[in-house]
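Below is one structure, written out as structure tokens; the observations come after it.
Protein chains: 2
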Amino acid sequence: MSECYPYGVAVGRGGDGPPRVVVRVGDQALDVGPVATEMSHPLAAELSAPTLDPLLAAGPDAWRDVRRSVLDWIADEPPLTWLDDLDLLLPFTVADYVDFYTSENHAVNVAGILRPGRPGLQPNWRHQPIGYHGRAGTVVVSGTPVVRPSGHVAGPGDDDRPSYQPTAALDVEVEVGYVVGTGSTLGKPVPVSGFEDHVFGLLLLNDWSARDIQMWETVPLGPFLGKSFQTSVSPWVVPLDALAAARVPVPAAGSDLSPYLVETEPWGLDLDLELSINGEVVSRPPYRTMHFSPAQMMAHLTANGATLRTGDLFASGTVSGPDRDQVGSLLERWRNQRYLADGDEVVITATAPATDGSRLDLGSVSGRVVTQR
Amino acid sequence: MSECYPYGVAVGRGGDGPPRVVVRVGDQALDVGPVATEMSHPLAAELSAPTLDPLLAAGPDAWRDVRRSVLDWIADEPPLTWLDDLDLLLPFTVADYVDFYTSENHAVNVAGILRPGRPGLQPNWRHQPIGYHGRAGTVVVSGTPVVRPSGHVAGPGDDDRPSYQPTAALDVEVEVGYVVGTGSTLGKPVPVSGFEDHVFGLLLLNDWSARDIQMWETVPLGPFLGKSFQTSVSPWVVPLDALAAARVPVPAAGSDLSPYLVETEPWGLDLDLELSINGEVVSRPPYRTMHFSPAQMMAHLTANGATLRTGDLFASGTVSGPDRDQVGSLLERWRNQRYLADGDEVVITATAPATDGSRLDLGSVSGRVVTQR
Chain A
82 MSECYPYGVA
92 VGRGGDGPPR
102 VVVRVGDQAL
112 DVGPVATEMS
122 HPLAAELSAP
132 TLDPLLAAGP
142 DAWRDVRRSV
152 LDWIADEPPL
162 TWLDDLDLLL
172 PFTVADYVDF
182 YTSENHAVNV
192 AGILRPGRPG
202 LQPNWRHQPI
212 GYHGRAGTVV
222 VSGTPVVRPS
232 GHVAGPGDDD
242 RPSYQPTAAL
252 DVEVEVGYVV
262 GTGSTLGKPV
272 PVSGFEDHVF
282 GLLLLNDWSA
292 RDIQMWETVP
302 LGPFLGKSFQ
312 TSVSPWVVPL
322 DALAAARVPV
332 PAAGSDLSPY
342 LVETEPWGLD
352 LDLELSINGE
362 VVSRPPYRTM
372 HFSPAQMMAH
382 LTANGATLRT
392 GDLFASGTVS
402 GPDRDQVGSL
412 LERWRNQRYL
422 ADGDEVVITA
432 TAPATDGSRL
442 DLGSVSGRVV
452 TQR
Chain B
82 MSECYPYGVA
92 VGRGGDGPPR
102 VVVRVGDQAL
112 DVGPVATEMS
122 HPLAAELSAP
132 TLDPLLAAGP
142 DAWRDVRRSV
152 LDWIADEPPL
162 TWLDDLDLLL
172 PFTVADYVDF
182 YTSENHAVNV
192 AGILRPGRPG
202 LQPNWRHQPI
212 GYHGRAGTVV
222 VSGTPVVRPS
232 GHVAGPGDDD
242 RPSYQPTAAL
252 DVEVEVGYVV
262 GTGSTLGKPV
272 PVSGFEDHVF
282 GLLLLNDWSA
292 RDIQMWETVP
302 LGPFLGKSFQ
312 TSVSPWVVPL
322 DALAAARVPV
332 PAAGSDLSPY
342 LVETEPWGLD
352 LDLELSINGE
362 VVSRPPYRTM
372 HFSPAQMMAH
382 LTANGATLRT
392 GDLFASGTVS
402 GPDRDQVGSL
412 LERWRNQRYL
422 ADGDEVVITA
432 TAPATDGSRL
442 DLGSVSGRVV
452 TQR
């Protein structure tokens, strides 16, 4: 494994001391605020903040400047803190959260399950990244338990009356999320080519889903309470600069798209994801199969003039490959499907190619299912 | 007209001076921060903030305490500022924005237009308030121009290829929005009876919609770019306490609902809304016809354990009465429908019954359509 030196926010184990910006170095972390202050770095104030928000807002020149400095500081072998001695927090304030649906294998699988006998993909699917807004207020950091949600599900009678009960179909969605640094102006779309000017980095994301609640509510306004109870993210934000060796073209890069969606350079990513439940690997979704890139998602999100804000989070949607052991949700393993039981521990990890031919560790996002009290 | 003394945030005309909390008194405003400080009021710090956020977070006892004091201060005839000398700002930080769909007349009208020949309401509609998450980052204060959005709309060919173009179907949605003060705990639903503990007040809301963009994108994940370009709100937040004489039962208050949605006291509201375009009143939607109350919306929103946060905004959905001159969107005037043209000025106003038999002025939300540059 090589290092990608991602950014996070930590306190001492058990909540000791104020939150501080840290950079991961293997199984240790560097407190960057004190070093930046000692070095009179121009971003010392941003790096001494209790969240990544000021660094995110500082923009792409600052991000590159900080990254160069951080790599220098680490090369000098400064004192580090063991990760075991830290609690990692949600590293930034989530502004808006948007979830896309850009895996063709996932979309085809879901269509086959939910709408058997009707054509697979909707007419719009190949022409734009389909997405919707989720609940920013329930995005939580890895390790937060997920309380089994209750909600209306289809009832036992034939009178359309639902039952309000704990979900019997608690699922995961293996995703990659993108963190916006620089905001944009209302009424001005951001082009695909502006991706590196606006997006700071990525993280891993589990969009927990209650399929029975989702099924009952979803027509006509889309997913709502079947998703909004919790979304978990990894504590480490990997800067885009660390992913140079992972970049690949996406299937939808071509000229059959509307001009506002045509890729100007490849922002598909050759990430290997892994989903484990109770320590057993159940799936290995390949991110390189995703139909649209995050640069296309960003351009689509703003194509109507909607603003980006510092802290906006947008996610890929469930990552599923073509094979049965590559799907990113339990819904897609529908023949012998077992949804999550109370006590189940779910872990998503990922790696990416490094420039030296080894792999980068992109971190993990985990959560244990607990009973509603 | 009687006074409801709503809360807002203002600067001097043209952006002069720091933002400050104000209470509307007719066509003037009281700066409450300096008065509260002079009186050593326990909430003086909250009332001297540049937004309503600290007051919202202070909770229901504080809200009642402040309201009693404000009424006393106004009775003493303090110096006031003419509204003409102020610019009103978005008065609080919008956390999450949820839009419901709780007008039966609107839902039936839309179903008849969008799905002719298929049954009107979905099976879920009468059993719960249907809703979805919108974009918090594009909620703007009244007076902000709305830039005509572009987006994918159904194309002219028969090959499913969309056109990216400025919307030709820019619409309004006349709504009432509710502002959350007190947050809640992850995993713990908030009961209907907790409405006054968590919700501070209401405002008027125009959920601008691009119908052609919405139509193309909406299946299967719901409204997205057809809505997310802008949502306008009135600058004045009316505290719930001012609405005592407006409260009425809702049609869906009854025992045929799941227990978590049964009203414990009436939170339907007898508000008269009015939609004007270029100075001509085109519709008078009666809010009392709404099927679900805001207390039921709040309970539904958290029924899966999702948290409320200070600044959450949830809206009623388009308010439409049974008559053609009572609809809250242009979509519903579909025979001689004219969508908004560049330069059109849209104004929504509302009144409510006062305890003395007169009407309360709930303010207005306006916006002019401008061309995309």
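Protein chains in written order, with this note's numbering: chain A, 82 to 454; chain B, 82 to 454. Backbone N, C-alpha and C fix where the C-beta goes; we use that ideal spot for every residue, glycine too.
Continuous alpha helix (DSSP H) stretch holding residue i: start and end
{"i": "His233 of chain B", "result": "Where His233 of chain B is concerned, there is no enclosing alpha helix (DSSP H), although the beta strand (DSSP E) it sits in stretches over Ser231 to Val234."}
{"i": "His122 of chain A", "result": "Per DSSP, His122 of chain A belongs to no alpha helix (DSSP H) and is neither H nor E."}
{"i": "Asp180 of chain A", "result": "Looking at the DSSP string, Asp180 of chain A is not in any alpha helix (DSSP H); the run it does join, the beta strand (DSSP E), is Tyr178 to Phe181."}
{"i": "Ala380 of chain B", "result": "Pro375 to Leu382"}
{"i": "Ala192 of chain B", "result": "Glu185 to Leu195"}
{"i": "Phe395 of chain B", "result": "Counting along the chain, Phe395 of chain B falls outside any alpha helix (DSSP H), though it belongs to the beta strand (DSSP E) covering Leu394 to Ala396."}
{"i": "Leu455 of chain B", "result": "Residue numbering for chain B in the displayed model covers 82 to 454; residue 455 of chain B lies beyond these limits and cannot be assessed."}
Candidates the options: closest to residue i by CA position
{"i": "Ser244 of chain A", "options": "A:Met296, A:Val151 and A:Gly282", "result": "A:Met296"}
{"i": "Glu298 of chain B", "options": "B:Asp153, B:Pro332, B:Pro320 and B:Arg242", "result": "B:Arg242"}
{"i": "Pro135 of chain B", "options": "B:Pro172, B:Gly107 and B:Val116", "result": "B:Pro172"}
{"i": "Val260 of chain B", "options": "B:Ile194, B:Gly140 and B:Asp146", "result": "B:Gly140"}
{"i": "Arg94 of chain B", "options": "B:Gly303, B:Leu124 and B:Asp168", "result": "B:Asp168"}
{"i": "Gly448 of chain A", "options": "A:Val318, A:Pro375, A:Asp252 and A:Gln109", "result": "A:Asp252"}
{"i": "Pro367 of chain A", "options": "A:Thr388, A:Leu338, A:Val319 and A:Pro434", "result": "A:Pro434"}
{"i": "Ala431 of chain A", "options": "A:Val255, A:Asp288 and A:Ala291", "result": "A:Val255"}
{"i": "Thr370 of chain B", "options": "B:Leu267, B:Ser357, B:Thr383 and B:Gly398", "result": "B:Gly398"}
{"i": "Ser110 of chain A", "options": "A:Gly98, A:Ala117 and A:Tyr86", "result": "The residue asked about is misnamed: residue 110 of chain A is Ala in this sequence, not Ser. Nearest option by C-alpha distance: A:Tyr86."}
{"i": "Thr436 of chain B", "options": "B:Gln311, B:Leu202 and B:Arg328", "result": "B:Arg328"}
{"i": "Leu278 of chain B", "options": "B:Ala249, B:Thr452, B:Asp97 and B:Ala380", "result": "Here residue 278 of chain B is Asp; the residue named in the question, Leu, does not match the sequence. The shortest Cα separation from Asp278 of chain B among B:Ala249, B:Thr452, B:Asp97 and B:Ala380 belongs to B:Ala380."}
{"i": "Gln203 of chain B", "options": "A:Gly303, A:Val451 and A:Met378", "result": "A:Gly303"}
{"i": "Gly107 of chain B", "options": "B:Met82, B:Gly114 and B:Asp97", "result": "B:Met82"}
{"i": "Leu152 of chain A", "options": "A:Gly238, A:Asp240 and A:Pro320", "result": "A:Pro320"}
{"i": "Asp165 of chain A", "options": "A:Val92, A:Thr248, A:Arg216 and A:Gly232", "result": "A:Val92"}
Where residue i sits in the DSSP three-state scheme
{"i": "Glu158 of chain B", "result": "coil"}
{"i": "Arg105 of chain A", "result": "strand"}
{"i": "Thr97 of chain B", "result": "Note on identity: in this sequence residue 97 of chain B is Asp, with Thr being the wrong assignment. In this structure, Asp97 of chain B counts as strand in the three-state DSSP scheme."}
{"i": "Ala110 of chain B", "result": "strand"}
{"i": "Arg148 of chain B", "result": "helix"}
{"i": "Asp404 of chain A", "result": "coil"}
{"i": "Thr263 of chain B", "result": "coil"}
{"i": "Arg328 of chain A", "result": "strand"}
{"i": "Gln295 of chain B", "result": "helix"}
{"i": "Ser290 of chain B", "result": "strand"}
{"i": "Gln246 of chain A", "result": "strand"}
{"i": "Gly318 of chain B", "result": "The question names Gly, yet the displayed sequence has Val at residue 318 of chain B. If DSSP states are grouped into helix, strand and coil, Val318 of chain B belongs with the strands."}
{"i": "His214 of chain B", "result": "strand"}
{"i": "Pro141 of chain A", "result": "helix"}
{"i": "Ala323 of chain A", "result": "helix"}
{"i": "Asp166 of chain A", "result": "helix"}
{"i": "Leu202 of chain A", "result": "coil"}
{"i": "Pro115 of chain B", "result": "helix"}
{"i": "Leu283 of chain B", "result": "strand"}
{"i": "Ala91 of chain B", "result": "strand"}
{"i": "Gly275 of chain A", "result": "helix"}
{"i": "Thr219 of chain B", "result": "helix"}
{"i": "Pro135 of chain A", "result": "helix"}
{"i": "Glu413 of chain B", "result": "helix"}
Start-to-end residues for the beta strand (DSSP E) that takes in residue i
{"i": "Thr430 of chain A", "result": "Glu426 to Pro434"}
{"i": "Ile358 of chain A", "result": "Asp353 to Ile358"}
{"i": "Ser445 of chain A", "result": "Arg440 to Val451"}
{"i": "Ser364 of chain A", "result": "Glu361 to Ser364"}
heavy atom of the ligand NAD below 7 Å from residue i C-beta
{"i": "Gly398 of chain A", "result": "Although the ligand NAD was asked about, the structure shown includes no ligands whatsoever."}
When the Cβ atoms of the region 155-166 of chain A are set against those of the region 188-203 of chain A, are three or more pairs found closer than 8 Å? Put simply, the region 155-166 of chain A does not touch the region 188-203 of chain A. Fewer than three CB pairs are less than 8 Å apart.
The region 208-221 of chain B: which residues have C-beta closer than 9 Å to a C-beta of chain A, in chain order? The region 208-221 of chain B vs chain A, Cβ under 9 Å: His208, Gln209, Ile211, Gly212, Tyr213, His214, Gly215, Arg216, Ala217, Gly218, Thr219 and Val221.
Within the chosen definition, does the region 84-104 of chain B reach the region 122-141 of chain B through at least 3 CB pairs nearer than 8 Å? yes
Is the region 321-328 of chain A touching the region 270-286 of chain A in the sense that three or more CB pairs, one from each, lie closer than 8 Å? yes
If contact is defined by three or more beta carbon pairs under 8 Å, each pair taking one atom from either stretch, is the region 406-426 of chain B in contact with the region 202-214 of chain B? no
Interface positions of the region 284-304 of chain B facing chain A (Cβ-Cβ less than 8 Å), listed along the chain: Here the close residues are Ala291, Ile294, Trp297, Glu298, Thr299, Val300, Pro301, Leu302, Gly303 and Pro304.
Taking one C-beta from the region 141-156 of chain B and one from the region 109-123 of chain B each time, how about it: are there three or more such pairs within less than 8 Å? Yes, since at least three Cβ pairs between the region 141-156 of chain B and the region 109-123 of chain B fall closer than 8 Å, the two stretches touch.
Should the region 379-394 of chain A be called in touch with the region 403-410 of chain A, which here means at least 3 C-beta pairs below 8 Å? no
To be precise: take each residue of the region 90-117 of chain B, compare its Cβ to all Cβ atoms of chain A, and keep it if any distance is under 9 Å. Which residues remain? none
If the cut-off is 7 Å on Cβ atoms, which residues from the region 225-236 of chain B count as contacting chain A, listed in chain order? Val228, Pro230, Ser231, Gly232 and His233
By the 9 Å beta-carbon criterion, what residues does the region 255-278 of chain A contribute toward chain B? Gly264, Leu267, Gly268, Lys269 and Pro270
Can you find at least 3 beta carbon pairs, one from the region 351-365 of chain B and one from the region 407-414 of chain B, that sit closer than 8 Å? yes
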